[in-house]
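Sequential numbering of the sequence shown, starting at 2, is according to the UniProt record's numbering. Okay, structure first, notes after.
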Amino acid sequence: AVERTLSIIKPDATRRNLTGKINARFEEAGLRIVAQKRIRLTKEQAEKFYEVHAERSFFGELVTFMISGPVVVQVLEGEDAVQRNRDIMGATNPANAAAGTIRKDFAESIEANSVHGSDSPENAASEIKFFFSKSEIVP
Ligand code: CMP
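Here it is in structure tokens:
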């Protein structure tokens with residue numbers, strides 16, 4: 002089915018000017034960028050977005066990293082968009098990511114792993130709502 006997923010190009014990638022190269026991966030895989038904005042997350046936004054990880058040891062560092070520079074938040078649309086995007090991104094830890102994935106090719110570490118993507122259609126819906134109003138999504 003045609004789905005939408007929430008993607009974030011993280012500060013390690015915007016710092017290295019990789020937005021276009023990463024967007025090309027999405028488009029070449031048949032995903033359409035139907036909403037996109039470059040923003041700086043506030044500490045409060047980053048904490049709220051990643052609240053499921055609040056008890057993890059890496060939470061504080063993750064929030065610090067996510068507010069260390071601009072991010073590009075985007076909505077990707079396409080057939081099986083959630084899983085397709087996860088396939089294109091590769092494993093969370095670039096050391097475990099398959100050849101040809103974004104994280105294998107661009108990520109610096111398990112934390113500075115260049116991209117975030119929703120892990121289920123349910124989370125995609127709430128993550129999209131977190132950043133975008135209806136009128137900002139233009140299919
Ligand atoms: P993401 O897919 O955005 O979800 C949670 C993020 O936490 C993850 O990508 C990484 O950027 C970061 N992170 C840092 N350390 C770890 C870890 N040990 N395990 C999982 N995620 C981590």
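Just so it is clear, CB atoms sit at the ideal spot from N, CA and C, and this is done for glycine as well.
Strictly by DSSP, which residues pair up with residue i?
i: residue 209; result: A query on residue 209 cannot be resolved here, the shown segment of the chain reaching from 2 to 140 and no further.
i: residue 80; result: 3
Do residue j and residue i count as a contact pair if the criterion is CB distance below 8 Å?
i: residue 70; j: residue 17; result: no
i: residue 103; j: residue 5; result: no
i: residue 44; j: residue 64; result: yes
i: residue 114; j: residue 11; result: yes
i: residue 68; j: residue 47; result: yes
i: residue 116; j: residue 9; result: yes
i: residue 119; j: residue 128; result: yes
i: residue 125; j: residue 7; result: yes
i: residue 89; j: residue 14; result: no
Where does the unbroken beta strand (DSSP E) through residue i begin, and where does it stop?
i: residue 36; result: 33-40
For the putative contact between residue i and residue j, defined by C-beta atoms under 8 Å, what is the C-beta separation to the nearest angstrom?
i: residue 75; j: residue 37; result: 4 Å
i: residue 3; j: residue 78; result: 7 Å
i: residue 107; j: residue 32; result: Contact flag wrong, Cβ pair sits at about 17 Å.
i: residue 131; j: residue 50; result: 6 Å
Could you check where the alpha helix (DSSP H) with residue i kicks off and where it finishes?
i: residue 137; result: First-last for residue 137: undefined, no H or E at that position.
i: residue 103; result: 103-107
i: residue 65; result: 60-67
i: residue 21; result: 20-29
i: residue 112; result: Element bounds for residue 112: n/a, residue is neither H nor E.
i: residue 47; result: 44-50
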